[in-house]
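Please read the structure below before turning to the comments.
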Amino acid sequence: MAYYRAVGNIPPKRHTQHRRDDGELYYEELMGEEGFSSDSSLLYHRNIPSTVSASRVWDVPDQATTPNHPLTPRHLKLHDLFDEAAVSAADVVTGRRLVLGNGDVRLSYAVAGQPSPWYRNAIGDECVYVERGAARVETVFGAFDVGEGDYVVIPRATTHRWLPVEDASNPLRVYCIEANSHITPPKRYLSRYGQLLEHAPYCERDLRGPSGPLLAEEVGAEATEETDVYIKHRGNGPGGVVGTIHTLPFHPLDVVGWDGCLYPYVLNIRDFEPITGRVHQPPPVHQVFEGHNFVVCNFVPRKVDYHPLAIPVPYYHSNVDSDEIMFYVDGDYEARKGSGIARGSISVHPGGHAHGPQPGATEGSIGVEYFDELAVMVDTFRPLELGEGGLAVDDGIYALSWSRGAGSVGRGHQGAGGAHSEG
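Listed below in structure tokens is the structure:
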């Protein structure tokens, strides 16, 4: 995110001496993308950031995938992945269950009741959507308090941890989008210098940067406290992902100041201003982020098509170049009885399969003026395969939901008030 910030104690000139009160130097670290040729930040540490006192293998949760073959649209019921006992023991990092993945992006789901270990994804950026609950996210750049509807964008190799707010009736539920690349706002919404343009559906005012700097003593830890950091990195494991645990002889919150254009930030989905038109607008108008070979879109409550002959639900479409993955967060899907789609569902519409509204939904949507829906969509430009989590909660019958003769399956596609899916 090319939006300059300066936080904490930094020297007036970069790459020059910066000393503490006792005369010792702080250690300057450049955290940058694309080999010194893209966005970066400079962080000033109390300790040498390269220091490691021990290392061992971390057995990353199962990253193996199974091809979607024969080609099949699917309904995955994410809320069935975790029972109450699993929630109380799980954390956002080690408790993730892989739902779908390919060589560009992995989609996981976690319901967490425990603090996560310190964690660093050395493969790519992460975009974590908070479906329900609340948490504090502590990073070497500072901290965030996050809650329902927040996208938390965390640059590659940022050391951080998740601390859920304890609430048994409303546990922390997160949808994790892990890239093998960087995740940014869509290029068409940015000036050549990186400013969000006037036609963009959100702007810099909507972004929350971390409050900080945050130091060990501010979280009740000793600066010299030995700490494990879990690192996800490239290797020859399933999906090309392996893990290592580095032990540091100090606490990772040792950054006294930083400046630059690379840092974690938060955007709440409710600050996304929908783009509407007289006739049905295609999914790219809902785009919020992009990575290499995938995009992230969100569908928010909005006024819909206002041409006098408009059909508000989408036309049938064949995804020639992409798999379309819709995560249903909120909205009224009662009119879709029999299809099984509800809050916490994922629909998988693979490239090569023409999909669209359920039987009866097109006619039923005519005259609707407002859609009350909340959904997060990921479109990929290479086929997605099913992770162990996706295989575990596939309903097995969704492919029949467009068949008029399939009994109760597929009756209607939009919910009361117009909730629907671009699929």
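Per the UniProt record's numbering, the sequence shown starts with residue 1, numbered consecutively.
Glycine residues also receive a C-beta, built at the ideal position from the N, C-alpha and C atoms.
Remember, predicted model here, so these are calculated numbers, not experimental data.
Query                                                                                                                 : Result
8 Å Cβ cutoff met for residue 318 and residue 358                                                                     : no
For residue 343 and residue 328, the rounded distance between their alpha carbons                                     : 5 Å
Straight-line gap, residue 32 to residue 82 (C-alpha atoms, nearest Å)                                                : 37 Å
Residue 301 in three-state terms, based on DSSP                                                                       : coil
Burial state of residue 227, where buried means 16 or more other Cβ atoms lie within 10 Å                             : buried
Residue 54 (DSSP reduced to helix, strand or coil)                                                                    : strand
Residues bridged to residue 32 [DSSP beta-bridge criterion]                                                           : 40
Member of 3, 4, 26 whose CA lies at the smallest distance from the CA of residue 11                                   : 26
Residue 160 versus residue 258: straight-line alpha-carbon distance, rounded                                          : 16 Å
Stretch pair the segment 151-166 + the segment 261-279: three plus CB contacts closer than 8 Å                        : yes
Straight-line gap, residue 309 to residue 241 (C-alpha atoms, nearest Å)                                              : 51 Å
For residue 181, the nearest candidate out of 145, 304, 233 (CA to CA)                                                : 233
Spatially closest choice to residue 84 from 354, 355, 177, 111, by CA coordinates                                     : 111
Spatial neighbours of residue 56 in its chain, beta-carbon cut-off 6 Å, leaving aside the 5 residues before and after : 245
Simplified DSSP assignment, three categories, for residue 391                                                         : helix
Stretch pair the segment 13-28 + the segment 36-50: three plus CB contacts closer than 8 Å                            : yes
Runs of beta strand (DSSP E) wholly within the segment 135-215 (minimum 3 residues, chain order)                      : 135-139, 142-146, 150-154, 160-164, 172-179
Helix, strand or coil at residue 270 according to DSSP, with G and I counted as helix                                 : helix
Cβ-Cβ distance between residue 301 and residue 368 below 8 Å                                                          : no
Opening and closing residue of the beta strand (DSSP E) in which residue 94 lies                                      : Taken as a continuous stretch (DSSP letters only), residue 94 belongs to no beta strand (DSSP E), as it is neither H nor E.
Sequence-distant residues of its chain with Cβ nearer than 6 Å to residue 39 (five each side left out)                : 2, 33, 261, 262
For residue 380, the first and last residue of its enclosing alpha helix (DSSP H)                                     : Where residue 380 is concerned, there is no enclosing alpha helix (DSSP H), although the beta strand (DSSP E) it sits in stretches over 373-380.
8 Å CB neighbourhood of residue 278 in its chain, flanking five on each side removed                                  : 305, 306, 307, 310
CB of residue 440 within 8 Å of CB of residue 75, strictly                                                            : Only positions 1 to 423 of the chain appear in this structure, which leaves residue 440 out of reach.
Cross-strand partners of residue 225 (DSSP beta bridge)                                                               : Paired residues: none, contrary to the question.
Of the residues 105, 254, 188, 135, the one placed nearest residue 212, counting alpha carbons only                   : 254
Closer than 7 Å: residue 315 CB and nearest the ligand ZN heavy atom                                                  : Judged by which ligands are present, the structure shown has none, so any question about the ligand ZN falls away.
Contact set for residue 322: own chain, Cβ-Cβ below 7 Å, skip 5 residues either direction                             : 351, 379, 380, 381
Contact belief for residue 249 with residue 140 at Cβ below 8 Å, rounded distance in angstroms                        : At roughly 16 Å, the Cβ-Cβ gap does not stay under 8 Å, so residue 249 and residue 140 are not in contact.
Three-way DSSP call (helix, strand, coil) for residue 321 in this model                                               : coil
Whether residue 271 touches residue 167 by CB criterion (8 Å)                                                         : no
Beta-carbon proximity of residue 393 to residue 77, cut-off 8 Å                                                       : yes
Host alpha helix (DSSP H) of residue 362 (start-end)                                                                  : 361-365
Element boundaries [beta strand (DSSP E), containing residue 124]                                                     : It is not in any beta strand (DSSP E) - residue 124 carries neither H nor E in the DSSP assignment.
Residue from 172, 194, 68 with nearest C-alpha to residue 79                                                          : 172
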